[in-house]
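Beneath this line is the structure, given in structure tokens, with notes to follow.
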Amino acid sequence: MLIDGFFCGTLIHFAVKCKKYLITSMAVMIFILIGAEHCIADAPYLMVNFSLINLLKFLLVIVGNSLGAILIENILKKER
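The following block contains the structure:
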């Protein structure tokens, strides 16, 4: 869950920062095709099927999304 969240955070942050339609579209399509976990998309599922295990998985996804976005942001800053 952490690794899936990491890839999602990386791809979606890259798509938002890129601002080129083709690259943004490709990043979103890759995110969808690999089935990465996104905390915002997973929130309704947590509310429907709440349990301690699902909450822990949700927290792992949040951490993964955050770490992926932070990593790609730092990489993009160094390239400028």
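If you read the sequence shown in our numbering, its first letter stands for residue 36, the second for the next number, and so on. Glycine is no exception: its CB is placed at the ideal position from the N, C-alpha and C atoms.
Alpha helix (DSSP H) segment containing residue i, residue limits
i    : result
H73  : Premise fails: H73 is in no alpha helix (DSSP H) and is neither H nor E.
S101 : 87-114
K52  : 37-53
Pick from the options that is closest to residue i, judged by C-alpha positions
i    : options            : result
E108 : S86, C74, C53, L95 : C53
F42  : K113, L87, L95     : L95
A62  : L111, C74, I47     : I47
G44  : A71, T59, I58, S60 : A71
D39  : S101, K113, K112   : S101
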